[in-house]
Each structure stands twice: as C-alpha cells, then as structure tokens.
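Just so we're aligned: the sequence shown equals residues 15 to 342 in this note's numbering.
Where a beta carbon is used, it is the ideal one built from N, C-alpha and C, also for glycine.
Reviewing the structure listed below.
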Amino acid sequence: MSSRRTFLKKLGKGAAVSSLALSQSPALAAGIFSGSSGALKNIRIGIIGAENSHTRGFGKMFNIDKLFPGVEVKYVWGETEEFAKDAMERGGIPNMVKDPKEMMGKIDALIVDHRHAKYHLEAAEPFVKAGIPTFVDKPFCYRLEKGVKFLEMARKAGTPVTSYSSIAHSEGTLDMREQLQELGEINQIIRSGPVELDSKYGGVFFYGVHIVQPLLYLFDQKVEKVRITQNGQNSGANLVFDNGMMASLVFTTKKYGWQTFVETEDGLVELTPRKEEAKPAKNYVDMVEMFRTGTEPRSHESILEGVAVLEALERSVKSGKWEKVEQV
C-alpha cells in the first residue's frame, strides 16, 4: 500500500492543488452521498460516444458483469443511432438519448469516449460545469491550449476530472516502475507499439498515447524534444528527456502489443509486469473511486504533459525535424 501511495504522490505532482475545490462539487455533495453517515448511493453513469468498442465494454463491466455493485451505465449517446443501439445491446445499457444534454440531471458521473480526441472537451464541458465527475477516455484532448483552459474551468467548478491510457494507468506499469529502482541509472529506452501516423482519428494521437504515456508514468523526467522518423510504412520516434535520457520508439505494424526495454550495465533488459492485472483493473477502480469520492488519481499537470508530447510529435510528422515539447 505504501508503494502505491508513493507512486501516486510522484505521479500526481500537484494533485492536491488540482483537487482543492472538489468538496464544493454539487454532484459529490448531493448526488453520490446521502445522509449524515455518508452512505453511498448508487452511481448512474452516462456515456457520450459509442463508435468506440470501449463503450459497450463499460456497459458489460458495470451492467452485465456487475464488477462494481451499485454502479450502472444508464444512458448512452452515439455518433449514430446504430452505434448507440449496438452499445445498448452488447453492453446492457437501458437508455439512448438523441442529445447528450438529455442526460443532465439524470446521471451522477460521465464518461466521454469518442475515437477522435478533438470531440472530447466540447462534449464534456456542460457536464463538468454542472459538477458531474467526468472521465475522458484517452487521449484527453487534441490541443494543449484547449486542455489547459478546460482543466482551469473544471478546477474553478470544483468538478473532478481525469483521463489516462489503460496501458499506462495499471498495476503492471506500477510494478515496472518499482523494478526500475533496482536497475540503477537508465540512459536509453526502447519502447514499441502500434501507431498509425495517418489515422483518421487524430494521427499519432490515437494510439500514440499508449506508447508515450507509460514512459511518463515510469520516469519522473519531463520530455524536452521529440522527432519522428519515417521510411515508407515504417516509422518511429525519439524522445529526449530533461536529464538527457533518450527513448527510441518503434511504431509496429505486424503485431498488436507493447514492449519496453531499458539499457543497463548488463545490456538491454525488458520490463514486464511480474503479476497479472487484478479484475477489475486499476484504471477502472480509480475511475469509480473518483466518481465516489472526488479524488483525482492523477494531477492535471500530468494529463497535460502527455498531450504536449503528442502535439510535438504531430508537428514533427509534418516537419521531419526535432520539435520542442511545450512545458506545462
């Protein structure tokens, strides 16, 4: 337990600051807790976005498998009626809305789950302003400037908000971080995973979050600059951290999955989790914990750092040169 607290403390630099106003959230004060004893009420979740398979996955987890008793997805809005009906049927979600705002006043928590991150913040804004705790699926947003303004708004509203890659926000990544303490100084990293630079869902943003964000969880250093390298269908990137450490990213095309290697005095060592992920997984547990208590599992700063790296990578796709990462 102590190692987890240490991990979250390091991971969430400034988390306490970002959560100062949360006790004033109307949803937390009236919608989730009831009575002087603080007894938990059931949590009604609404989801905006159904094109992604994640939406029916959330429905299955909460409504069919009931991994979190008392927590249920009640409403879904889909980009098309077909997407929404598919999520309802396969995720056991009882209600579809034609306009997301129809969920206002009927839900205690919100999940935003578009495939393209450019739609996330606009969809979430009215609910966050109304005090509804909100989880934004990866990646959080498509433009750093908009993300900064959105989280400033959320802090002023006193509404808890979070977003993360499920690959990064896992017990496996926590375990690999602990392994790093035993390996001494690390100068170079190799990480591989699927990334489509021309994806219609935001290019490097779409899957790039799964290859970049775990590195930000594993190491405390900030990324200073990045560069994309392309040769036909083969591509990759380099990240340089503020302590001089460099990560070489291989964007795989033949097999789905992620791997991480670090250079040590004994050569390259692959970091792999030493234990299986619990069920339900950490990313879901921490999301529900935020819905119940208002405790954000990571700081706003850490959310924005990942967006800044992805945005710099996107610029490098176009320029083919080193691009500086905007610091937040």
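- By the criterion of a C-beta distance shorter than 6 Å, ARG191 is surrounded in its chain by LEU232, once the five residues flanking it on both sides are discounted.
- Straight-line spacing of the CA atoms in GLY92 and THR176 works out to 21 Å.
- Here DSSP, grouped into helix, strand and coil, assigns MET259 to coil.
- Between the beta-carbon of LYS80 and that of PRO108 there is about 14 Å, and that puts the pair past the 8 Å contact cut.
- Judged by pairs of C-beta atoms under 8 Å, the stretch 131 to 141 does not touch the stretch 262 to 282, as fewer than three such pairs exist.
- In its chain, beyond the 5 residues on either side, MET259 and GLU277 have a beta carbon closer than 7 Å to the beta carbon of ASN201.
- Going by DSSP, GLU277 is part of the beta strand (DSSP E) stretching over 273 to 278.
- Taking all protein chains shown into account, ARG70 has 16 or more neighbouring C-beta atoms within 10 Å of its C-beta and is therefore buried.
- GLY73 carries a helical assignment under DSSP once its states are collapsed to helix, strand and coil.
- About 7 Å separates the CB atoms of ILE204 and VAL264; that is less than 8 Å, so the two are in contact.
- When DSSP states are grouped into helix, strand and coil, LYS170 belongs to the helix group.
- THR243 has its alpha-carbon roughly 44 Å from the corresponding atom of GLY106.
- Distance from ALA101 to GLY73 at the Cβ level is roughly 6 Å; contact confirmed, criterion being Cβ atoms closer than 8 Å.
- Here GLY161 is actually not in contact with GLU328; their C-beta atoms are around 14 Å apart, not less than 8 Å.
- Only buried fits GLY207, as 16 or more other CB atoms lie within 10 angstroms of its CB.
- Check the Cα spacing between HIS130 and each of THR286, ARG312 and PHE154: the tightest is with PHE154.
- Secondary structure note for ILE200: it is in no beta strand (DSSP E), with a DSSP letter that is neither H nor E.
- Looking at the backbone, the Cα of ALA261 and that of ALA295 are separated by about 27 Å.
- THR307 carries a helical assignment under DSSP once its states are collapsed to helix, strand and coil.
- For THR243, the pairing in a beta bridge is given by DSSP as GLY250.
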